[in-house]
Every structure is written in C-alpha cells, then in structure tokens.
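**Student:** Residue numbers (our numbering), protein chains in the order written: chain A, 792 to 1128; chain B, 792 to 1128.
No residue lacks a Cβ here, since even glycine has one placed at the ideal position from N, Cα and C.
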DNA sequence: CCAACGTTTGACAACGTTGTCATCTTAGCG
DNA sequence: CGCTAAGATGACAACGTTGTCAAACGTTGG
C-alpha cells in the first residue's frame, strides 16, 4: 500500500487550495474537474511525492485493486512471462498483480476458483491455457460478472477480453518456412490433442502441405504431449515411419529439444540431416546447442495488453473491444537456419 | 479484500453477544480474552462464514499484509517454486504474496528496491540469490527495520531469517557419490564464481577428493557460468584437459544438460562413458533423456518456512531464531545410476 | 469482608479514501 | 440582462477494522 511517509490527500488539498474531494477526483481521472485545477493538484502531488493509500481506497470504494492470474501450466517460463506483463500493467495502473496456481488434485478448476473467491476479492481475472478453456470456470466468472481476460483460448468468448495469435496461420508459416528451405519430407510433432492450440497448429501444417502440393505420403504426424520426453521418443517413431524426413515442425520447444537430443544421440546431425522448428521461443530454445529456430509469440505483450484492457473495463464498466490478435515471428536459429 | 458477502465484525459481535473489539481481539489472537468467549466468537464466525476485511485491517493497523519476494534469477523454475512456498504460507496466514523481479538494467538492485518501497508498503521481504547477497540492498532494509528473510545467502545475517542448505556438504556428498560408484577421474563444472554457492560446492568437491586420496591430477575443474551453453562448451575443454574423466559434478542442472547434449553429439554414451550429476533437481532433470541424477534442495519448503517465520517475526516483533538449515538428497536417475 | 491490583471488556475515535448530495459557477440563450 | 441548465466544487458521512483508554470484573491477601 501506501506511500513514502504519511502524506494524505488532505495535505495535497491544503497545499493546492482545493477540497480533498477534488484531489480524489484528479487521482481517479474523474470528469468534471477544470484542467487548470487538475494541473495544480498533479503538480503539488508530484512535488511532495504523494501516493494514494491503497487500503483506504479499497475500503471506501469496495474495490480490491487486485488482478489475479489463474493458471495451471507446468511451463514456468510461460507463466513467468505472463506474470511479468501483468505486473508491468498493474504497476502502471496502481493495481496488485497476484498469481494463483490452480491445483487440479484438489478437485476441479472450478472448485479451486470457488475456494479462492470465497477468501479473496478480485477486480479482474486473467486465465491462461489450459484454464482459459475450462467452461465451468468461465461460467462461474460470468455468473459473478467479474471482468476477465482469456489468453490464447480455444474458444473466444463474447463477454471477455480475448488475446491470441493466429495459431493456424502460425502453423502454416512454420510449414511454409520449412518448405521454402527445400524440405520435401515433413513431419509434425503434435502436442496434447486436448489443447486447441495444438490442433490448430496442425491444421495449418496440413493446409500448407496441401497448398504446396506435397504428396500426403511425404508428410507425417507424430503424436506427442508437449513434454521433452515425448519429443525424445518421437524420434524413434520418425525413424520407423518416415526415415526420409528432413524437416520437422514441433508444436513446442520442449519436444523439439527432446527430439534433437535423441537425434544427436543416434549420430544424426542437426540441422544438416534434420532441421527442426519449435514453437514458443522459450529460453531453452536460445540456450540449447544447436539453438532452436522457433516461432515467438509476444506473451509479455499479450499479458500486458490484456491487463490494461481489463483495468479499462473495470473502470468504465464497458467492454469496448473483445478480440485482440497478436502477430508472431519465426526466430531463425541453428536448428533450421 | 474481504469476504463472502458483506459480513462485518459487527454482525459477529451482535450474534455472539460481545463487543466488536472482542471479536477483533479474537481474530488477532490477542491476549486477555476469556477462552469461553473466544470459543463463542470463533464458533459464530465459522457458522456465518465470516472473513475479516483486509483493507480495513490494513487501514486501521497501518500494516500492509504484503510479503514481497525480490529476485533476479533467470531460472523461472526456481523462482516459481519459491513463490509457491511463499504463497502457501501467506495464504495460511491471511497475507498477500507478491513477487518483484528486480531489473539490474535500471541501475543497482538497491535503486530498484528504493523505487519499490517508495510506491508500496510491505510488511516483510524475502530475498533469493543473487539479491540475497547484495549488501547494499540489505543495508537499506535494515535501516528501515523491515523484517526480512534470506534464502541461501552467501553470508548469513544476524538480524534476519536465514534459510539454507549446507552447500559445501552437498558438494562433498555428490563427489562421494561419484567416488563410491568407482569413478577415479573426476571433474567439477563450476557456476559463476561470484555466486557463493558455486564456490562452496567446489570446496566440498575438493574436500572429498582429498579425503578419498584421489591424486590431484585426476581431478579437474572446468569453469562455467550456470548456463546450458557453458555446459556444452565445457565438454570440449574436458576432452582436451582430462579425456580420462568418467565422473562429472555440475554445479547446476542446466550445465549438466549442456554437457550431456555435447557428449551425446560426439558419440559418447551417458552414463556408460560419462556419468553426470547435476544440482537443483530441476524439472528438466526429470524430463531429459537420460534423466539426470541431481541433488535436490527443498526449495518449496525453504520458502514456506521462511515466510512462516517471517510472519511470526512481524507479529511478535521478535526474531526468535535466525538460522534454519535444510537437508538435501541426491535423486538417482539415468545420468549416474 | 474489603482494599488493591491485574484481567477482561467495551465505547468511541482514528485510519485515508470515495460516495452522496447540496451548493456555487459558468455558459448559453432568448 | 436574466434565466436555466450543466459543470465544478466541497462538506460530510460512510467503509470495516484497530488503537486508546476508561470502566467493570475477579482474585488475592490481610
């Protein structure tokens, strides 16, 4: 909460020659304050280093100034990046960012949410995969009319902020990238099929294959589950099912790493014998050797924007725009230069 | 961030036939309340599902009920585990857990801290490496008399909660583990030398070597920087400097992975030709193939305990015990069975 | 049985904001 | 120039706790 020492709205009011209510208005960007007074108040506040006391605000306004991120994703890099984007936005707006890892062992996501809401008040929620696709959770949130944002949801919601990338388009562009580099025998290494994103990426893969008129028999699908190990074992499958494959598109970086490690272990050279493109541009994609060509989505910015828009929604009580698409970029690295 | 609906201390007081102050005392575990009344109040509160309103508490008591974790560690798994332990403890005690990644680009850690404290009030701080070794930061905290905890500090502080493992002992036990498995040519792959932990682990390594009377020429030190890539390049150095080495102790898992990947790429077999033990028991140690034998420290518990003790300190204003040592365990896996 | 003292209890004023509503300005218009 | 409506401003009561301090209650020893 509050600030430096013990400056209150009253000190500012006195010094600025206005009432405390006017100061309050200024700090809440409320209408009906003459620009001139606004400037004076802001000037005085800056000079004195005033920061509003959050607790008092919470108490008086019955808002919590808390935005909570609900997640259950084992990928801590991803979660951290979301948290960082959120934190940045919250910090700009005077909100608190908190994160809550849902524990599926404690019953459903829905139950975890209910437990949480019983104990804490939040002004807004941010859900990321796989929680962002749990319709039971979403129903509870909508029932309570809590503003919320969905990051990369499988199914966009009308009454929510949706931030996402074009998963199918991303799948296409990775596949095209491989094709343009002369690969004629391709493989897609899928993630968990229950994740909408994996299915959409795959759809893009097939679309690109078709469009490039690559014979179906020269393109395979290997199933994985997003884990490093599943990438590792997928390599054996690849050798068996499609030994001529030279270009691989893995639905995430971890599987790409697993597959590369397996390939190196069997004496294959990457990228000479086998080119691999991953997805997510995770820190490991950079750190590995060979480093991994990967499609980057601006997770930090997605979280930042959704938090900003969420706070806007909370303040105005109006959801202006519900869909925000972000563009992606293939980061060229060693595994498929 | 209050509760369920709109129950206040007054509702409880009325129903229990006492004054609001007594209810307040009960909820703060304050002394001088007859046990009988205490039970009545707690009973009523439970029946009605009352939760105290945190904002009002904050405002009236001038406490913030916020514990903040200051960190700057690129290992998001580690940071997340700390956050989770903290969050659990905070949740049990009705506190908020927040995390702040310090940005060294914005000047010193000290400056980041000052900026933060100017904007937010916290009741306690938790520092983890490398921030837990920044004496300038610690000085500022002590100057303000904010209770704080250090996780794995290089230098324990008298007026703080210190939670740690025996780094040197851990280094010894990993080295002994390798020696007991018959390895006679060993290597230690160091982390950044500026990290006290790396130096201590190395000290344990040499102690074990000496005690086992292994000739100094059969034991080498390779320098790394905790990054995967440094593990990768360390392999070349190993081949050059000590090709007979069969047992390797890496100061963290990432370097162990890098080294293993390099070795596999050169046709070496792990663990047959080269056995590797890592440090941290990170998720990747489990996921890799071969999975990596690694020394696990109970990070979650360390964070949980330090948060609990910190809150105790905040409440009683007395620091009862300042040092808490945790024990570690080598998790046997494929890279050195 | 009473004085003296510690323990328990409660009334009421903070805490620093925002909400409500009344009042004072200002601008627009005939 | 006067009237009206809209805009700007402020006084004061919430908000739900804890802090302070005084009063009531119990217990002990004489």
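At what residue ranges does the region 972-1004 of chain B contain a whole run of the beta strand (DSSP E), taking only runs of 3 or more?
**Tutor:** Qualifying beta strand (DSSP E) stretches, in chain order: 977-981.
**Student:** Measuring alpha carbon to alpha carbon, tell me which residue in A:1063, A:1020, A:992 is nearest residue 1040 of chain A.
**Tutor:** The candidate whose alpha carbon is nearest that of residue 1040 of chain A is A:992.
**Student:** Where does residue 804 of chain B fall in DSSP's three states?
**Tutor:** Helix at residue 804 of chain B.
**Student:** Taking all protein chains shown into account, do 16 or more other C-beta atoms lie within 10 angstroms of the C-beta of residue 1088 of chain A, making it buried, or fewer, making it exposed?
**Tutor:** Looking at its Cβ environment, which holds 16 or more other Cβ atoms inside 10 Å, residue 1088 of chain A is buried.
**Student:** Could you spell out where the beta strand (DSSP E) holding residue 1033 of chain B opens and where it closes?
**Tutor:** First-last for residue 1033 of chain B: undefined, no H or E at that position.
**Student:** Looking at C-beta atoms only, is the number of pairs between the region 817-824 of chain A and the region 868-884 of chain A that lie closer than 8 Å three or more?
**Tutor:** No, because fewer than three Cβ pairs between the region 817-824 of chain A and the region 868-884 of chain A fall closer than 8 Å, the two stretches do not touch.
**Student:** Is there a C-beta anywhere in chain A that falls below 8 Å from the one on residue 1145 of chain B?
**Tutor:** In the structure displayed, chain B extends from 792 to 1128; residue 1145 of chain B sits before or after that span and is not available.
**Student:** What residues from the region 870-882 of chain A come within 9 Å of chain B, judged by C-beta to C-beta, listed N to C?
**Tutor:** Hits within the stretch, in order: 870, 871, 872, 874, 875, 878, 882.
**Student:** Residue 916 of chain A: which of A:1019, A:1044, A:926, A:861 sits nearest, CA to CA?
**Tutor:** Comparing Cα positions, the closest option is A:861.
**Student:** Starting from the C-beta of residue 1014 of chain B, find all residues in its chain whose C-beta is less than 6 Å away, skip the five residues before and the five after it, and write them out in chain order.
**Tutor:** Closer than 6 Å at the Cβ level, and outside the excluded window around residue 1014 of chain B, lie 981.
**Student:** Would you give the residue range spanned by the beta strand (DSSP E) that residue 1011 of chain A belongs to?
**Tutor:** Looking at the DSSP string, the run of the beta strand (DSSP E) that includes residue 1011 of chain A is 1010-1014.
**Student:** Under 7 Å Cβ to Cβ from residue 795 of chain B, same chain only, skipping five residues before and after it: list those, please.
**Tutor:** Caution is warranted here: a pLDDT of 39 is assigned to residue 795 of chain B, below 50, making its placement in the model unreliable, and the coordinate value is therefore given only provisionally. Contacts found: 840, 842.
**Student:** With DSSP as the reference, label residue 1066 of chain B as helix, strand or coil.
**Tutor:** DSSP places residue 1066 of chain B in strand when its eight states are reduced to three.
**Student:** Less than 8 Å separating the beta-carbons of residue 943 of chain A and residue 964 of chain A?
**Tutor:** No, the Cβ-Cβ distance between residue 943 of chain A and residue 964 of chain A is not below 8 Å.
**Student:** Quick one: what's residue 860 of chain A bridged to in DSSP?
**Tutor:** A:890, A:917.
**Student:** So is residue 892 of chain B in contact with chain A if we call contact Cβ pairs under 8 Å?
**Tutor:** Yes, residue 892 of chain B lies at the interface with chain A (some Cβ there is under 8 Å from its Cβ).
**Student:** Closest Cβ-Cβ distance between residue 1104 of chain A and chain B: below 8 Å?
**Tutor:** Judged by the 8 Å Cβ criterion, residue 1104 of chain A is not in contact with chain B.
**Student:** Starting from residue 1084 of chain B, follow the beta strand (DSSP E) in both directions and report where the run begins and ends.
**Tutor:** Segment 1084-1087, the beta strand (DSSP E) holding residue 1084 of chain B.
**Student:** Per DSSP, residue 941 of chain B forms a beta bridge with which residues?
**Tutor:** Partner(s): B:918, B:953.
**Student:** Exposed or buried, which one is residue 1042 of chain A when buried takes at least 16 other CB atoms within 10 Å?
**Tutor:** So residue 1042 of chain A ends up on the buried side.
**Student:** At 7 Å on the CB atoms, spell out the chain B contacts of residue 1020 of chain A, in chain order.
**Tutor:** Residues of chain B passing the Cβ test: 1078, 1080.
**Student:** Quick check: is the beta carbon of residue 802 of chain A nearer than 8 Å to any beta carbon in chain B?
**Tutor:** Judged by the 8 Å Cβ criterion, residue 802 of chain A is not in contact with chain B.
**Student:** Quick one: using the 10 Å Cβ neighbour count with 16 as the cut-off for buried, is residue 1112 of chain A buried or exposed?
**Tutor:** So residue 1112 of chain A counts as exposed.
**Student:** What are the residues in the region 826-857 of chain A lying within 7 Å of chain B by C-beta distance?
**Tutor:** Residues passing the 7 Å Cβ filter: 842, 846, 847, 849, 850, 855, 857.
**Student:** Consult DSSP for residue 1045 of chain B and reduce its assignment to one of helix, strand or coil.
**Tutor:** Correct three-state label for residue 1045 of chain B: helix.
**Student:** Residues in the same chain with beta-carbon distance under 7 Å from residue 957 of chain A, minus the five sequence neighbours each way, listed in chain order, please.
**Tutor:** Excluding sequence neighbours, residue 957 of chain A sits near 1116.
**Student:** Could you pull out every residue in the same chain whose Cβ sits closer than 6 Å to the Cβ of residue 811 of chain A, ignoring the five residues on either side in sequence?
**Tutor:** Around residue 811 of chain A: 800, 801, 804.
**Student:** Quick one: which residues of the region 1038-1053 of chain A get their C-beta closer than 9 Å to a C-beta of chain B? List them in chain order.
**Tutor:** Answer set for the region 1038-1053 of chain A: 1045, 1048, 1049, 1051, 1052, 1053.
**Student:** Enumerate in chain order the residues of its own chain whose CB-to-CB distance from residue 975 of chain A is below 7 Å, with the five nearest sequence positions on each side excluded.
**Tutor:** 1005, 1009.
**Student:** How many angstroms separate the CA atom of residue 941 of chain B from the CA atom of residue 959 of chain A?
**Tutor:** Computed Cα separation, rounded: 46 Å.
**Student:** Give me, in chain order, the residues of the same chain whose beta-carbon lies closer than 7 Å to that of residue 897 of chain B; leave out the 5 immediate sequence neighbours on both sides.
**Tutor:** For residue 897 of chain B, where only same-chain residues beyond five positions count, the Cβ hits under 7 Å are 903.
**Student:** For the pair the region 1061-1072 of chain B and the region 1080-1087 of chain B, tell me if three or more CB-CB distances fall below 8 Å.
**Tutor:** Yes, the region 1061-1072 of chain B is in contact with the region 1080-1087 of chain B.
**Student:** Is residue 962 of chain B buried or exposed, if buried means 16 or more other CB atoms sit within 10 Å of its CB?
**Tutor:** With 16 or more other Cβ atoms within 10 Å, it is buried.
**Student:** Could you tell me the alpha carbon to alpha carbon distance between residue 967 of chain B and residue 999 of chain B, rounded to whole angstroms?
**Tutor:** Spanning the two alpha carbons is a distance of roughly 6 Å.
**Student:** What number of angstroms, rounded off, separates the C-alpha of residue 1104 of chain A from the C-alpha of residue 938 of chain A?
**Tutor:** Whole-angstrom Cα-Cα distance: 7 Å.
**Student:** I'd like to check one pair, residue 850 of chain A with residue 847 of chain B: are the Cβ atoms closer than 8 Å?
**Tutor:** Against a cut-off of 8 Å, the Cβ pair of residue 850 of chain A and residue 847 of chain B comes out as a contact.
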